[in-house]
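Using my numbering, the letters of the sequence shown map in sequence onto residues 317 to 633.
Here's the structure we're looking at; comments come further down.
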Amino acid sequence: MRFYMMNKTFFKRCLIYCCLLFFLPIVGIEEMYSKIFLIPILRVACCFLSVLIYIKRKKVSSLMIIITFFCFFLSISTFINRGDYVGAFYGQLYLIIGICCFFEIQIKTNKMQFLICLYKYCFFLIILNFISILVFPQGLYADIRGITETNYLLGNYNSFICKILPALGVGYHLLQTGFISKKNYGLLWLIVIATYLQVQSVTSILGISILGIFLLFFNNKVALIIFNAIFYSISTLYLSCFFIYSHTSVIFSFITNIAGKSSTLSGRTVLWDKIVKLLSKSPIFGFGVHSNADLIEYFGLNYAGHAHNFPLQVLFQ
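Written as structure tokens, this is what we have:
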């Protein structure tokens, strides 16, 4: 019986890792081998099974209803604006719902087992990514702009955070609950800091420094009275609006000087001005999902495949 239980647990963990590989992919590998159709097919299969299992449970959360409504509305907007149908119906509707179903099932079935798997998976990728930076300092592949030196195993260095933030956040929770040691979590932080120092991302270093300061000094019962979810939500929206609408202010210049950025944040403010002007033309339905190449051509900027500001990206779409 004990052997059976061990095998069952091992099989479940292997299944979680396989799904994470498709749901939180290794971006660099998929970019370099984009013509391999097996990966998208397996991702579709994982999503289908996740949705099927979720429906079979007959328990739909309010969050899942909101996410599903948003994805359907986004697909309708894309259809109206004749955007990227595949990107909307496959990438933004089918995949997002499938991935959210998987995450919710795992968290409600065996939360700690899933969080441990998620932490180990992200940690492992962060290590591999750091090795790729050391071995290939000039980058692994060229992106749509033809730029190579910013792209590694986890994609563009600005997107490293998609694996680093879950690892740091989940890792801290596992540390507090006794599932990992301080040495293990400290090693993660060292690799993350070394990664950003190696790619010379000043903005990212400032960002994780703020996170580190919070974890060390402000993550206690007294501080959490102020620094809670409501505070962070309001702060995020305010900062997003500040960067979009106040990029000519003295405070903005002071921030960009500290971060070592140009006054246009590497041209981002130019893109934001163009998007803001468009919002009034379609305030309800937005403009839907469009391919990176189409947006770059439309705005005439080689970095315009994304708004580079998440709230603004949502409003635009």
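Glycine included, every Cβ here is placed at the ideal spot set by N, Cα and C.
All figures in this text were calculated on a predicted structure; none of them were measured in a lab.
Whole-number beta carbon distance between residue j and residue i, since they are thought to touch under 8 Å
i: Cys438; j: Pro482; result: 5 Å
i: Gly471; j: Gly344; result: 6 Å
i: Gln454; j: Thr464; result: 6 Å
i: Lys479; j: Leu532; result: That belief does not hold up - the Cβ atoms of Lys479 and Leu532 are roughly 22 Å apart, past 8 Å.
i: Ile428; j: Phe495; result: In the sequence on display, residue 428 carries Met and not Ile. Sure, about 7 Å apart at Cβ, within 8 Å.
Proximity winner among the options, relative to residue i (alpha-carbon distances)
i: Leu411; options: Lys374, Ser551, Ala361; result: Ala361
i: Ile413; options: Ile396, Val367, Leu491, Gln429; result: Val367
i: Thr325; options: Ala404, Asn625, Thr425; result: Thr425
i: Ile369; options: Arg461, Glu420, Ile342, Phe405; result: Glu420
i: Tyr488; options: Leu527, Ile546, Glu347; result: Leu527
i: Gln408; options: Leu336, Phe603, Thr384, Tyr473; result: Thr384
i: Gln492; options: Ile509, Ile432, Ser448; result: Ile432
i: Gly604; options: Phe389, Arg359, Leu336; result: Phe389
i: Val586; options: Pro599, Thr564, His606, Phe601; result: Thr564
Alpha carbon of residue i to alpha carbon of residue j, nearest angstrom
i: Phe339; j: Ile560; result: 31 Å
i: Phe446; j: Ile477; result: 13 Å
i: Leu553; j: Phe418; result: 28 Å
i: Asp610; j: Gly616; result: 10 Å
i: Leu540; j: Ser393; result: 39 Å
i: Asn500; j: Leu506; result: 10 Å
i: Ser497; j: Leu490; result: 9 Å
i: Asn608; j: Cys387; result: 19 Å
i: Ile591; j: Cys330; result: 43 Å
i: Ile567; j: Ile612; result: 30 Å
i: Val538; j: Phe405; result: 45 Å
i: Gln633; j: Val402; result: 15 Å
Reduced DSSP category for residue i - H, G, I as helix; E, B as strand; rest coil
i: Tyr619; result: coil
i: Asn467; result: strand
i: Asn472; result: strand
i: Pro482; result: helix
i: Phe603; result: coil
i: Leu490; result: helix
i: Arg398; result: coil
i: Lys351; result: coil
i: Gly407; result: helix
i: Thr384; result: helix
Span of the alpha helix (DSSP H), counted from its first residue to its last, around residue i
i: Arg373; result: 354 to 373
i: Ser448; result: 411 to 451
i: Ala545; result: 545 to 561
i: Tyr501; result: 498 to 515
i: Gly528; result: 518 to 529
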